[in-house]
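To start, the structure under review is shown below, and the notes come after it.
Residue numbers (our numbering), protein chains in the order written: chain A, 1 to 265; chain B, 266 to 357.
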């Protein structure tokens with residue numbers, strides 16, 4: 001019996017969908033049977049991030065309404081035989097599904113998959129409530145910005161208060177080590193100190209994410225990408241391995257090397 | 266050019282993260298208090314317990330709230346006292 005994990009953030013644009021795709025792909029790469037559920041009904045995009053947009057026949061609402069069987073709606077990934085996507089509907093709105101129906105759907109998926117990872121929509125309204133309904137664990141993702149951390153704090157409060165998800169884990173996304181060193185960006189410690197929840201992983205800002213997303217490929221497939229490494233580490237921690245945080249100060253640019261050579265910071 | 270060089274060598278630091286942290290701290294004090302009225306209610310109950318050791322208070326008309334100015338948040342309590350006690354009572 002698998003585990004249902006929701007990935008949520010409150011604020012939009014902090015990297016929920018990218019994180020869902022990459023954590024899922026990493027877990028699949030480690031041999032686990034994984035299904036990704038796009039719970040952002042009306043605005044589907046997990047399919048595009050995974051490069052599976054042309055294969056969609058049925059979607060989540062079709063399954064819930066009994067217009068097809070669950071198996072028919074699941075799309076098998078191109079790269080990993082054990083990675084599947086349940087796409088969101090594009091034309092229906094979020095009231096098309098109820099929390100109760102999501103609970104039943106997640107319970108069914110959990111019978112067959114080791115990991116059921118639900119990509120939550122932004123916000124804290126019905127779409128969020130649906131996404132969270134069937135989950136046993138939650139990952140809250142944020143970036144080191146005031147608005148994103150504020151919304152993460154609100155979501156953490158809601159998860160604990162209303163949904164009995166008391167122990168969410170934090171993923172800090174898009175951190176720029178150089179700006180942190182200059183005192184121009186909140187550090188990992190700053191954010192942890194404010195949110196007071198357990199850290200699952202830190203993902204550095206990485207242009208390779210843009211490149212990979214343009215191509216519809218998970219960045220975890222790129223062995224040289226730093227964010228790819230960070231997402232693989234997150235997946236390993238979810239499996240229960242103790243993986244130390246990667247050294248974010250190890251940067252490759254020539255300016256950086258020159259600066260270090262000349263003894264600045 | 267000079268600006269570029271100071272940036273390149275990392276000498277210019279505006280330290281804007283301290284501003285971010287302070288703004289977040291203030292915003293969250295308020296968010297958390299308004300999101301969770303239970304929290305304030307629990308505080309209220311605890312306050313009543315502690316203060317009642319020293320004086321008899323009008324718990325019906327006790328008021329507490331958070332007062333925010335631009336830079337600070339204060340917990341403001343208005344607690345009508347009915348009678349002072351001569352000696353403090355030990356907690357039961």
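Just so it is clear, CB atoms sit at the ideal spot from N, CA and C, and this is done for glycine as well.
Extent of the continuous beta strand (DSSP E) run through residue 173/A: 169–175
Nearest to residue 317/B by alpha carbon, out of 340/B, 343/B, 348/B? 348/B
Quick one: grab the DSSP three-state call for residue 284/B. helix
Quick check: what's the CA-CA separation for residue 334/B versus residue 142/A? 28 Å
Should residue 247/B go down as buried or exposed, given a rule of 16 or more other Cβ atoms within 10 Å for buried? No statement about residue 247/B is possible, as the shown extent of chain B runs from 266 to 357 and does not include it.
Is residue 105/A helix, strand or coil by DSSP? helix
Tell me the DSSP bridge mates of residue 16/A? Beta-bridge pairing links residue 16/A to no other residue.
For the stretch 40–114 of chain A, which segments carrying the alpha helix (DSSP H) assignment without a break, of at least 4 residues, lie completely within its bounds, in sequence order? 46–49, 60–64, 70–73, 99–112
Quick check on DSSP: helix, strand or coil for residue 323/B? coil
Given residue 209/A, which residues of its chain have a CB within under 7 Å of its CB, disregarding the five upstream and five downstream residues? 18, 219, 227
Can you give me, in chain order, the residues of the stretch 308–341 of chain B that have a beta carbon less than 8 Å from any beta carbon in chain A? none
By Cβ distance below 8 Å, which residues in the same chain neighbour residue 309/B in space, the five residues on each side in sequence not counted? 327, 329
Okay, do the stretch 135–155 of chain A and the stretch 4–14 of chain A touch, 3+ Cβ pairs below 8 Å being the bar? yes
Distance between beta carbons of residue 285/B and residue 146/A, contact taken as under 8 Å: 5 Å
What does the Cβ neighbour count give for residue 332/B, buried or exposed, with the cut at 16 atoms within 10 Å? exposed
So, residue 14/A versus residue 160/A, is the Cβ gap smaller than 8 Å? no
Indicate whether the contact test is met: 3 or more Cβ pairs, each with one atom in the stretch 18–38 of chain A and one in the stretch 163–170 of chain A, closer than 8 Å. no
Pairwise C-alpha distance: residue 324/B and residue 234/A: 51 Å
Excluding the 5 residues preceding and the 5 following residue 72/A in the sequence, name in chain order all residues of the same chain whose CB lies nearer than 6 Å to its CB. 58
Going along the stretch 170–188 of chain A in order, which residues come within less than 9 Å of chain B, judged by CB to CB distance? 178, 179, 180, 181, 182, 183, 184, 185, 186, 187
Using a cut-off of 9 Å between C-beta atoms, extract the partners of residue 291/B located in chain A. Near residue 291/B there are no residues of chain A at all, since even the closest Cβ is about 10 Å away, more than 9 Å.
Measure from the alpha carbon of residue 199/A to the alpha carbon of each residue in 46/A, 238/A, 51/A, 96/A, then state which is nearest. 238/A
So the beta strand (DSSP E) residue 347/B belongs to, where does it begin and stop? 346–349
Of all the alpha helix (DSSP H) runs that stay within the bounds of the stretch 142–227 of chain A, which reach a length of 4 or more residues? 146–162, 177–181, 188–195, 207–215
Leaving out five residues before and five after residue 62/A in sequence, what residues of the same chain have Cβ atoms less than 7 Å from its Cβ? 68, 73
For residue 272/A, which residues of its own chain have a beta-carbon under 7 Å away from its beta-carbon, when the five flanking residues on both sides are left out? The question about residue 272/A has no answer here: the residues shown for chain A are numbered 1 through 265.
In whole angstroms, give me the CA-to-CA distance for residue 29/A and residue 80/A. 7 Å
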